[in-house]
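A quick write-up on the structure given underneath.
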Amino acid sequence: MVRRLINEAHEHMLMKNSETLLVICPHFRTFIRDQVNYVAPFIDNVVIMVPFPYFCELVVKVPYFNRKFTFAKIIIDSLYDLKLEKNYTLLSPRFFTLPVNVLRRRNYYLAAKSCVSMISKNHVDFSLIHAHFLENGFIGAFLKNMYGKPLVVTAHGGDVYYLPFRDRWYNSLARFVLNEADRVITVCKFNAEKLLSLGVSSDKLHVIPNGYDEHLFKPVSTVKARERLGLPQNKKILLSVGNLVGVKGHTYLISAMSLVLRRRKDVLLIIIGSGPLKELLQSMIKKYGLEDYIVLAGGKKHEEIPTWINASDIFILPSLQEGFPTVVPEAMACGKPIVATNVGGVPEAITHNDLGILVNPRSREELASAILEALERKWEPEFILKHAEKYSWGNLAKQIINVYEKTLQTLI
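Count along the sequence shown starting at 1, add 2, and that's the number in our numbering.
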């Protein structure tokens, strides 16, 4: 797939004369990294800019703050042990600030100024800006106005359904960014409706979901995957992947497991992820006496996740809110059925009963019932795999390139 993309890119290069795409993002991991990896063959040079405050590097070294400020560890982890492509440059401008809400206006300004300094220091000449999340869209808008370059903003999840409605200031920030953007990408129709309500014109709004890396996420023998991970072959394994934060709904999943186990005991739930709720989830597992049936496996590297998915029977997404969660197409790409909450863009992916079961969020009873039903049903992996194909980054990258081309053409 990558070789085909490279061949197509040489035939239809987006940017001429060694011009550059500037990507501004809060981290360089998972869905952002995968997207850039598949878009990069169409572009001469890519500069990835991840601005973050100095205190992030300090808090990750202190256990208490490491648990409290999980985003800091996410940022730092995304910048190290990276294998960058030849046409990539990764820059991480730092700025002085504190995580205090009253300083938020100053924080955004300082982040933008740190990017300007880094651009000047490294003599970065770019043709197009792509900012991920509305918060970084502010930086993108700042750079657009300073350098006269076009701006594409991708709104992913919480920056759409939560941030603009948090208070008046954030609402103004979101509207400013969306107005400044030449093109706006969002990951699902659910988000698009929210953005339209914030004043985005429909002619510059594009819905392009998050995808999966087809080189990583593909079917592997369940038996072999379990052997590799040392997991039991005689259990029905449920898998959930997500940061251990409230919005991911793990408390409801653990509670639902106590109901599932009243009906059958051959079930093992594995939760992959790290975050501030780890101790709470551990206490819940102990409270319900589920130590033999639930494993908190901790965080895993992205390239390890396919093995865990292939080792499972059912993938579970108990989130309370979502944009378009990448784990859904990733699980489908391994041929796994999904039990998920009917939130955000999830029903836009699980469009057929043969792909999975949707339940209302915050209901342990519905979740338990759906899990039991999923365990009893005979699923067709080939049907799920076929549906997943449209979410491969190899296919979605072309749509993003098309947005870039339209953005640049409007300036000619």
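Each residue gets a CB set at the ideal place from its N, CA and C atoms; glycine is no exception. Note that the structure is predicted; figures quoted are calculated from it, not measured.
| Is Y290 helix, strand or coil by DSSP? | Taking the sequence shown and counting its residues from 1, the one referred to as residue 290 is at position 288. Three-state DSSP puts Y290 in coil, outside helix and strand.
| request: Sort L410, P363, P331, E305 by Cα distance to L387 and report the nearest one. | output: Position 385 of the sequence shown, counted from the first residue, corresponds to residue 387. The residue with the shortest Cα to Cα distance from L387 is P331.
| message | To the nearest angstrom, how far is the alpha carbon of A143 from that of R96? | response | The residue given as residue 143 occupies position 141 in the sequence shown. The residue given as residue 96 occupies position 94 in the sequence shown. Looking at the two C-alpha atoms, the distance is approximately 19 Å.
| query | Can you find at least 3 beta carbon pairs, one from the segment 322-340 and one from the segment 300-313, that sit closer than 8 Å? | reply | yes
| Are three or more beta carbon pairs between the segment 269-280 and the segment 341-357 nearer than 8 Å? | no
| query | Considering only the beta carbon of each residue, do N138 and G325 sit closer than 8 Å? | reply | Taking the first residue of the sequence shown as position 1, residue 138 is located at position 136. Taking the first residue of the sequence shown as position 1, residue 325 is located at position 323. No. Outside cutoff.
| task | Can you have a look at M51 and say buried or exposed, based on whether 16 or more other CB atoms are within 10 angstroms of its CB? | result | Locating residue 51 in the sequence shown gives position 49, counting from the first residue. It counts as buried.
| said: Does the structure place the segment 158-175 close enough to the segment 111-122 that three or more beta carbon pairs sit under 8 Å? | reply: no
| If you check the beta carbons only, do T409 and L130 fall under 8 Å apart? | The count along the sequence shown starts at 1 and reaches residue 409 at position 407. The count along the sequence shown starts at 1 and reaches residue 130 at position 128. Yes. Within cutoff.
| task | Kindly indicate which residue of P221, V225, S321, N181 has the alpha-carbon position closest to the one of N245. | result | Numbered from 1 along the sequence shown, position 243 holds the residue referred to as residue 245. Nearest option by C-alpha distance: S321.
| message | One question on the structure: do R170 and Y254 come within less than 8 Å of each other, judged by their Cβ atoms? | response | On the sequence shown, residue 170 is found 168 positions in, with the first residue counted as 1. On the sequence shown, residue 254 is found 252 positions in, with the first residue counted as 1. No, the Cβ-Cβ distance between R170 and Y254 is not below 8 Å.
| Closest Cα partner of S94 within the set V49, F178, Y111 | As a first step, residue 94 is located in the sequence shown; it is residue number 92 there, counting from the start. Minimum Cα distance to S94 is reached at V49.
| Taking the alpha-carbon positions, what's the E182 to V348 distance? | Here residue 182 refers to the residue found at position 180 when the sequence shown is read from its first residue. Here residue 348 refers to the residue found at position 346 when the sequence shown is read from its first residue. In a straight line, the C-alpha of E182 is about 29 Å away from that of V348.
| task | Helix, strand or coil for A11, going by three-state DSSP, please let me know. | result | Counting from one through the sequence shown, the residue named residue 11 turns up at place 9. Unreliable placement is indicated for A11, whose pLDDT of 45 sits below 50; the coordinate value is still reported in the next sentence. Looking at A11 - three-state DSSP - the assignment turns out to be helix.
| query | Under 8 Å between the Cβ atoms of K303 and D268? | reply | Translated into the one-based positions of the sequence shown, residue 303 becomes position 301. Translated into the one-based positions of the sequence shown, residue 268 becomes position 266. Their beta carbons are not under 8 Å apart, which means K303 does not touch D268 by this criterion.
| message | Looking at the strands, I want to know which residues DSSP matches up with V269. | response | If you number the sequence shown from 1, residue 269 lands on position 267. Answer is K238.
| query | Smallest Cα separation from L263: which of V126, L145, I373? | reply | Walking along the sequence shown from the start, residue 263 turns up at place 261. When each option's Cα is compared against that of L263, the closest is I373.
| Which listed residue (A227, K289, F44, A258) has its alpha carbon closest to that of Y406 | The residue given as residue 406 occupies position 404 in the sequence shown. If we check each option's Cα against that of Y406, F44 comes out closest.
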